[in-house]
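Trainee:
Number of protein chains: 2
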Amino acid sequence: MKTIDVCLSPELLHLYDLEDRTIVVVDILRATSCMVTAFAHGVESITPIANLEECLRMKAKGYVTSGERDGKKVDGFDKGNSPFEYMDGDLRGLKLAFTTTNGTLAIEKSKGAKEVIIGSFLNLSSVVRYLLLGENNILIVCAGWKGRVNLEDTLFAGAVVEKLKDYLGWDCDAPLAAQHLYNLAKGDMVKFLDSSSHVKRLSRLNISKDIEFCVTPDQYKVIPRLKNGVLLA
Amino acid sequence: MKTIDVCLSPELLHLYDLEDRTIVVVDILRATSCMVTAFAHGVESITPIANLEECLRMKAKGYVTSGERDGKKVDGFDKGNSPFEYMDGDLRGLKLAFTTTNGTLAIEKSKGAKEVIIGSFLNLSSVVRYLLLGENNILIVCAGWKGRVNLEDTLFAGAVVEKLKDYLGWDCDAPLAAQHLYNLAKGDMVKFLDSSSHVKRLSRLNISKDIEFCVTPDQYKVIPRLKNGVLLA
Chain A
1 MKTIDVCLSP ELLHLYDLED RTIVVVDILR ATSCMVTAFA HGVESITPIA NLEECLRMKA
61 KGYVTSGERD GKKVDGFDKG NSPFEYMDGD LRGLKLAFTT TNGTLAIEKS KGAKEVIIGS
121 FLNLSSVVRY LLLGENNILI VCAGWKGRVN LEDTLFAGAV VEKLKDYLGW DCDAPLAAQH
181 LYNLAKGDMV KFLDSSSHVK RLSRLNISKD IEFCVTPDQY KVIPRLKNGV LLA
Chain B
234 MKTIDVCLSP ELLHLYDLED RTIVVVDILR ATSCMVTAFA HGVESITPIA NLEECLRMKA
294 KGYVTSGERD GKKVDGFDKG NSPFEYMDGD LRGLKLAFTT TNGTLAIEKS KGAKEVIIGS
354 FLNLSSVVRY LLLGENNILI VCAGWKGRVN LEDTLFAGAV VEKLKDYLGW DCDAPLAAQH
414 LYNLAKGDMV KFLDSSSHVK RLSRLNISKD IEFCVTPDQY KVIPRLKNGV LLA
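Protein chains in written order, with our numbering: chain A, 1 to 233; chain B, 234 to 466.
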């Protein structure tokens, strides 16, 4: 039986064998939600970049610079970290250079895996179907917040576990904990997240519309995949 | 307002400032449950030792050797890792050298804190009262399983958060996740843990009686404290 595991923080990634895995990187608020939205609206590629300065240098090479630091848009960047900024047709066919506080670091650390894809509630069912049909063992890597565990990424992991529970096995407790939390939260995810630390942090930035959108399942079918360090649809 | 945080694995401990904290180390199945039981039955001191061979060498110095590796008693050791082995009066006044797969490592890693105490369901209310009356910020350190998150230690952390929620603040999500899981589980903790990985591992060792006892609150009032690398009542 294929197995599924959940890595609740990139700081725990060294505890897992990556070679035989399909890794799903998730940063619900808001990096991977933005990435999925961007591909659904015709972006050609996204290059995840952990470092701010390197990302800025990509501008000279014709890339659109995107991302945030501590939830806020970076001075001199073309785009911030709201999924609504990635919905116009104006990015069709363009290449993005993307850096965020947590999400791009999680992708960087996942590079030893057999395969890396990008997950969010926005493409949840597509990701679940893909994992179910694939041959590899699965690891959901939650981006967390500066190394610490967060609720929203854990809930996504729990949603995947809940939907695949009849088909997969696991031998550690993180999938179980995530599944319990998802089942508690699924009736009203926005309300459940109201008391979470990152939502409190973001509500100071006035982006409740973003949060509501980022926990809405199945808006898009696209599955971004990492290939030679670049994400493609 | 004092704060409480929950570190779900010793591998995440470097993310927290320790200097101003009282750390509660917890390894419900079964290291810290054994330690609390031993002190409640008159043991004089427990020296936590991460290394197996070093622990064995302590025997020549008059220590009782105790602990486990992968849940099993170690060849040549006096005592294993069941709380029921620490209930007779035969250990009264003796010094133990204690090594386990996860618990003693979590204690070792916590040594930078202002204060380190030992928690378990068996001394839950005493620990909660102590934390409430103390001045320090609080960090619950879950021993986990070989670096990974486990359910039973998370439930203990959630119990502490639930009982102190009106008096303390927090700014990360782990306390919240632990609290939700505890509230889900508290009606029947044994049943909730039935599907957990460590309980499955232990049930192969036939110790359901241990598990039931280890999740029973408030059997003892003792609070073991670390002083110069040695636990004292």
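For each residue, glycine too, the CB sits at the ideal point set by N, CA and C.
All values reported here derive from a predicted model rather than from experimental measurement.
Using a Cβ-Cβ cut-off of 7 Å (strictly less than) and excluding sequence neighbours within five positions of Trp170 of chain A, which residues of its own chain qualify?
Mentor: Taken in chain order, the residues that qualify are Thr3, Ile4 and Asp5.
Trainee: Could you work out which residue in B:Val276, B:Ile350 and B:Arg325 is closest to Arg254 of chain B when comparing CA atoms only?
Mentor: When only C-alpha atoms are compared, the closest one is B:Ile350.
Trainee: Does the beta carbon of Gly313 of chain B sit closer than 8 Å to a beta carbon anywhere in chain A?
Mentor: Chain A, which has no Cβ nearer than 8 Å to the Cβ of Gly313 of chain B, makes this no.
Trainee: If we ignore side chains and look at the alpha-carbon of each, how far apart do Phe272 of chain B and Lys305 of chain B end up?
Mentor: Cα to Cα, the separation comes out at about 22 Å.
Trainee: Does the CB of Glu301 of chain B have a neighbour CB from chain A at under 8 Å?
Mentor: No, because no Cβ of chain A sits closer than 8 Å to the Cβ of Glu301 of chain B.
Trainee: Am I right that Leu8 of chain A and Val382 of chain B are in contact with their C-beta atoms under 8 Å? What's the rounded C-beta distance?
Mentor: Between Val382 of chain B and Leu8 of chain A the Cβ distance is about 6 Å, and since that is below 8 Å, they are a contact.
Trainee: Across which residues does DSSP place Trp145 of chain A in a beta bridge pair?
Mentor: Answer is A:Arg148.
Trainee: Would a check of beta-carbon distances place Arg381 of chain B closer than 8 Å to chain E?
Mentor: In the structure shown, chain E does not exist; the protein chains are A and B.
Trainee: Quick check: what's the CA-CA separation for Leu13 of chain A versus Leu131 of chain A?
Mentor: Taking the straight line from one Cα to the other gives about 20 Å.
Trainee: Does DSSP put Ala466 of chain B in a helix, in a strand, or in coil?
Mentor: Coil at Ala466 of chain B, not helix or strand.
Trainee: Residue range of the alpha helix (DSSP H) that Leu205 of chain A falls in?
Mentor: That residue, Leu205 of chain A, is in no alpha helix (DSSP H); it is neither H nor E in DSSP.
Trainee: Counting Cβ pairs closer than 8 Å, one from the region 452–465 of chain B and one from the region 271–287 of chain B, do we hit at least three?
Mentor: Yes, the region 452–465 of chain B is in contact with the region 271–287 of chain B.
Trainee: Given a threshold of 16 other Cβ atoms within 10 Å of its Cβ, counted over all protein chains shown, does Met268 of chain B qualify as buried or as exposed?
Mentor: Classification of Met268 of chain B: buried, given that the 10 Å Cβ count is 16 or more.
Trainee: Across the region 367–375 of chain B and the region 383–392 of chain B, are there enough close Cβ pairs to call them in contact, namely three or more that are closer than 8 Å?
Mentor: Touching, yes, given that three or more Cβ pairs across the two stretches are closer than 8 Å.
Trainee: Find the nearest neighbour of Gly197 of chain A within the set B:Arg325, B:Leu329, B:Lys294 and B:Ala410, judged by alpha-carbon distance.
Mentor: Per the sequence shown, residue 197 of chain A should be read as Ser rather than Gly. Comparing Cα positions, the closest option is B:Ala410.
Trainee: Return the residue from the list A:Arg225, A:Lys111, A:Thr37 and A:Thr100 that minimises the CA-CA distance to Gly89 of chain A.
Mentor: Measuring from the Cα of Gly89 of chain A, the nearest candidate turns out to be A:Thr37.
Trainee: Identify, in the order they occur along the chain, each residue of the same chain with its Cβ nearer than 6 Å to the Cβ of Glu162 of chain A, setting aside the five sequence neighbours on each side.
Mentor: Cβ neighbours of Glu162 of chain A beyond the five flanking positions: Gln179 and Tyr182.
Trainee: Mind checking the region 437–456 of chain B against chain A and listing, in chain order, the residues whose C-beta falls within less than 7 Å of any C-beta there?
Mentor: Correct list: empty, as no residue qualifies.
Trainee: Could you tell me whether any Cβ in chain A is nearer than 8 Å to the Cβ of Asp421 of chain B?
Mentor: With 8 Å as the cut-off, Asp421 of chain B does not count as an interface residue toward chain A.
Trainee: From A:Lys95, A:Thr101, A:Asn102 and A:Tyr220, pick the residue whose C-alpha is nearest to that of Ala60 of chain A; which is it?
Mentor: Out of A:Lys95, A:Thr101, A:Asn102 and A:Tyr220, A:Lys95 has the C-alpha closest to the C-alpha of Ala60 of chain A.
Trainee: Shorter than 8 Å from the beta carbon of Leu29 of chain A to some beta carbon of chain B?
Mentor: No, Leu29 of chain A lies away from the interface with chain B (no Cβ there is under 8 Å from its Cβ).
Trainee: I'd like to know if His180 of chain A contacts chain B, where contact means its C-beta is closer than 8 Å to some C-beta of that chain.
Mentor: So, interface residue.
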